[in-house]
Every structure is written in C-alpha cells, then in structure tokens.
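*Asks:* Pasting a structure below so you can have a look.
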Amino acid sequence: MSYPTGKKMDDVMKRFFIRIAILLGVPLLLAVAVNLFRPTSLDWIAKEAYEIFQDCPEATAQAEEVQVEFVRSHATSLLWVDARSEELFAVKHLPGAVNVVYDTLFPVAEEDLHNLQSISKGKTVVVYGEGGIGKLLADDLASQGMVGVKYLNPQFDWKTLLMGEMP
Amino acid sequence: MSGHEKKRFYGILTMIALPLRVYIGVVFVLASLYKIYDPYAFALSIATYQILPLWVINPFALLLPWVELLVGITMVLGYWTRESAALISGMMVMFLIALTLALTKDLQMSCGCFASQEAADEIGVHTIYRDLAWLGAALWTLIFDDGRFGLDGWLSYRNKRNHAV
Chain F
1 MSYPTGKKMD DVMKRFFIRI AILLGVPLLL AVAVNLFRPT SLDWIAKEAY
51 EIFQDCPEAT AQAEEVQVEF VRSHATSLLW VDARSEELFA VKHLPGAVNV
101 VYDTLFPVAE EDLHNLQSIS KGKTVVVYGE GGIGKLLADD LASQGMVGVK
151 YLNPQFDWKT LLMGEMP
Chain H
168 MSGHEKKRFY GILTMIALPL RVYIGVVFVL ASLYKIYDPY AFALSIATYQ
218 ILPLWVINPF ALLLPWVELL VGITMVLGYW TRESAALISG MMVMFLIALT
268 LALTKDLQMS CGCFASQEAA DEIGVHTIYR DLAWLGAALW TLIFDDGRFG
318 LDGWLSYRNK RNHAV
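Protein chains in written order, with the working numbering: chain F, 1 to 167; chain H, 168 to 332.
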C-alpha cells in the first residue's frame with residue numbers, strides 16, 4: 001500500500017474535499033426537492049419548540065407525616081397547603097390554606113415554590129389532599145429543598161376540618 | 168518484514184475492510200430510510216437530545232438522512248470509498264458525542280437511530296459500545312480500503328486499460 005506525496009498528494013487532497021462537498025451537496029438538493037413536494041413538508045426552521053416527553057418527577061426526599069395531635073398542638077403556626085384542583089379549592093378549603101395543585105407529570109413550578117417559601121416563614125407547612133396527593137406533593141416540595149414540610153395522615157379525616165370542626 | 172510480506176499483510180487488511188465496508192454501508196442505508204420517510208419523528212428525536220438549538224433541528228433532520236443514504240450506498244458499492252468512510256466516521260463521532268451528552272444528562276430515550284427501536288430500546292452504555300464498533304469499522308475502511316474490491320477499483324482498472332490501449 002503506497003501513499004502519494006508532494007504535488008500528487010495535493011491533487012489527492014483536493015479531489016478528496018471536492019468529493020466530500022459533492023457527497024454533502026447532492027443530499028442537500030435531494031432534501032430540498034423531496035421536502036418541497038412532500039404533502040406534509042417540514043419547515044426548514046422550526047417555528048415552535050418540540051414537545052419533549054420528560055420523565056415523571058421522582059421524589060428524592062420524604063416529607064414527614066403528622067397526626068391529629070400535631071395539628072391540635074400547632075394549630076396557630078400551621079400553613080395549610082391544599083394539593084387539590086383549583087375547582088375543589090374554590091368550593092371549600094381550610095382557613096388560610098394556599099392552593100398548590102399537584103400534577104403527577106410535572107414538579108412544582110419554581111415560582112410556586114418561591115411563593116410558598118416566602119409565605120411560610122416561621123410556620124410549619126402541612127399539605128393535605130384527597131387520596132395520597134398530600135404526601136406526593138409534600139415529598140415533591142421536600143425534594144425541591146423545602147425544609148420541614150409535612151403532610152397530613154391520609155387516614156385523618158381532614159374533611160371535618162373543612163367544616164370548621166377540629167376533631 | 169520483506170516487501171512481499173508487507174504487500175500480503177496490507178492485502179489482508181484490505182480484504183478485512185470489504186465486509187466491514189458493506190456492513191456499515193447497509194447499516195447507514197437502513198438507518199436513513201425511516202428518517203427520510205418521517206422527518207418530523209427524526210426531528211423530535213434530535214430535539215429530545217436537548218443539545219442543538221431549535222433553528223438547527225429541522226435542517227439537520229432533513230439533510231442528515233439523505234447524507235446517510237448516499238454515503239451508505241457509495242460504501243456498499245465501493246465508490247468514493249475513502250470520502251464516504253470519512254463522512255461516516257465524522258457522523259459516528261457526532262452521534263457518539265450526542266449519546267454521551269444524553270447519558271450524562273440521564274435522559275431516558277431511544278437513540279432515534281432506527282424506527283424499530285422507538286421506545287423499545289433505551290440508550291445506554293451498550294449504545295456507546297455499538298457506535299464505537301461502527302466508528303471502528305468506518306475508520307478501518309478509511310485507512311485500509313484502497314478501493315480495489317469495489318467500483319473505485321473497477322473504474323481505476325478500466326481507466327488504466329483504456330490508457331494502455
């Protein structure tokens with residue numbers, strides 16, 4: 001196997017790069033032509049960002065569960081966070097509660113997190129909601145760095161609280 | 168090593184390059200087909216890597232499959248072999264960088280290389296090894312395939328014969 005040298009090498013290199021240009025140029029022409037006549041052609045410059053499927057958020061920290069006794073003893077220093085939908089929150093919610101809707105697909109928005117952190121100063125955040133969403137939201141908040149966040153025991157009849165009664 | 172032995176040794180290296188060249192060419196042709204058929208799906212795959220800016224994604228999705236198809240065909244035929252092998256090596260390096268970045272970001276996705284892999288085969292270290300093997304095959308062709316077992320060789324032989332006549 002011998003390799004060219006000198007002027008012959010220059011010619012070889014020149015031919016090499018011309019061929020590379022052709023191997024890129026022909027596909028460019030084909031791409032333009034085929035895309036032009038394709039019934040559902042793709043815009044050469046995307047107008048909107050692609051919707052990329054993200055993994056569901058996984059909690060990396062666990063919030064603490066609290067019982068009735070805790071609610072009774074800290075009644076004045078609690079900040080209730082309602083994890084339910086806006087509609088259910090609008091119908092009825094615990095006095096002073098803030099609504100942070102839990103979404104299984106997305107973690108809590110940074111803006112919501114900052115708001116929550118600013119209004120919860122000196123208070124204990126306790127999350128509640130139907131099924132297990134209280135725990136899920138609390139775990140999500142804890143995973144995002146919120147300290148001391150707790151959730152109400154799902155067995156606890158928090159709906160009686162909604163009626164203004166303390167168990 | 169004597170001149171004759173050297174020639175024989177390089178002849179063996181060139182012979183090894185033949186199946187590697189055809190194999191990598193077929194891989195590129197097959198990889199290009201679904202991307203040409205559905206450029207939107209390929210554009211989405213590129214976007215999932217979260218590497219390229221939005222304005223580059225569609226030109227990339229439209230052009231790259233045609234380059235893959237053309238160099239795949241030329242590799243199989245042994246036409247402009249070194250140039251095709253150089254382009255394939257460049258693409259493989261590009262794919263390897265993209266895969267490595269996606270793995271460091273812990274993205275759970277298919278590599279978007281073949282239609283049949285969609286959703287079924289997540290990228291992982293095995294994808295890196297596979298691409299490294301393909302890069303090796305392309306580099307082997309680039310270095311050792313002198314074109315004697317392909318159209319390059321046949322055209323060169325025909326030219327020489329015509330000049331001799």
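Quick reminder that beta carbons are idealized off the backbone N, C-alpha and C, glycines included. Small disclaimer: the values here were computed from a predicted structure and weren't measured.
What is the DSSP secondary structure of Thr124(F), counted as helix, strand or coil?
*Replies:* Three-state result, Thr124(F): strand.
*Asks:* Give me the residue from Thr267(H), Leu263(H), Val234(H), Ile264(H) with the minimum Cα distance to Ala252(H).
*Replies:* The residue with the shortest Cα to Cα distance from Ala252(H) is Val234(H).
*Asks:* From the DSSP output, in three-state form, read off Tyr204(H) for me.
*Replies:* Residue state, collapsed to three classes: helix.
*Asks:* Work out the CA separation of Gln62(F) and Gly148(F) for me, nearest whole Å.
*Replies:* Near 10 angstroms, if we compare the C-alpha coordinates of Gln62(F) and Gly148(F).
*Asks:* What does a CB cutoff of less than 7 angstroms around Met180(H) pick up in its chain, not counting 5 residues either side in sequence?
*Replies:* Checking the sequence shown, residue 180(H) turns out to be Leu, not Met. Excluding positions up to five away in sequence, the list reads Phe311.
*Asks:* Out of Leu237(H), Met242(H), Met276(H), Tyr324(H), point me to the one whose CA is closest to Gly291(H)'s CA.
*Replies:* For Gly291(H), the nearest C-alpha among the options comes from Met276(H).
*Asks:* At a CB distance below 8 angstroms, what residues from the segment 216 to 230 of chain H approach chain F? Give them in sequence order.
*Replies:* Taking 8 angstroms as the Cβ-Cβ cut-off against chain F, the residues of the segment 216 to 230 of chain H that qualify are Gln217, Leu221, Trp222, Ile224, Asn225, Pro226, Ala228, Leu229, Leu230.
*Asks:* Could you tell me whether any Cβ in chain F is nearer than 8 angstroms to the Cβ of Val189(H)?
*Replies:* It does not: the Cβ of Val189(H) has no partner Cβ on chain F nearer than 8 angstroms.
*Asks:* Put Asn153(F) into one of helix, strand or coil per three-state DSSP.
*Replies:* Of the three classes helix, strand and coil, the one that applies to Asn153(F) here is coil, per DSSP.
*Asks:* Please check the pair Lys42(F) and Pro206(H), which I expect to be a contact at CB under 8 angstroms, by giving their CB distance rounded to whole angstroms.
*Replies:* A small fix is needed here, since residue 42(F) is Leu in this sequence, not Lys. That pair is a contact at about 5 angstroms.
*Asks:* Whose C-beta lies closer than 6 angstroms to the C-beta of Glu64(F) among residues of the same chain, with five residues either side of it excluded?
*Replies:* Result list for Glu64(F): Lys150, in chain order.
*Asks:* Could you work out which residues of chain F lie near Leu254(H), taking near to mean beta carbons separated by less than 9 angstroms?
*Replies:* What Leu254(H) touches in chain F: Ile20, Leu23, Leu24.
*Asks:* Applying the 10 Å Cβ sphere with the 16-neighbour rule, what's the burial state of Val214(H)?
*Replies:* Just to set this straight, residue 214(H) is Ala in the shown sequence, not Val. The residue in question, Ala214(H), is buried, as its Cβ has 16 or more Cβ neighbours within 10 Å.
*Asks:* Would you mind reading off the limits of the beta strand (DSSP E) that contains Leu42(F)?
*Replies:* Looking at the DSSP string, Leu42(F) is not in any beta strand (DSSP E), and its letter there is neither H nor E.
*Asks:* Below 8 angstroms between beta carbons: does that hold for Val126(F) and Val66(F)?
*Replies:* Yes.
*Asks:* Taking only three categories from DSSP, how would you classify Glu289(H)?
*Replies:* It is a strand residue.
*Asks:* Can you check whether the CB of Leu244(H) is closer than 8 angstroms to the CB of Leu318(H)?
*Replies:* Contact flag set, yes.
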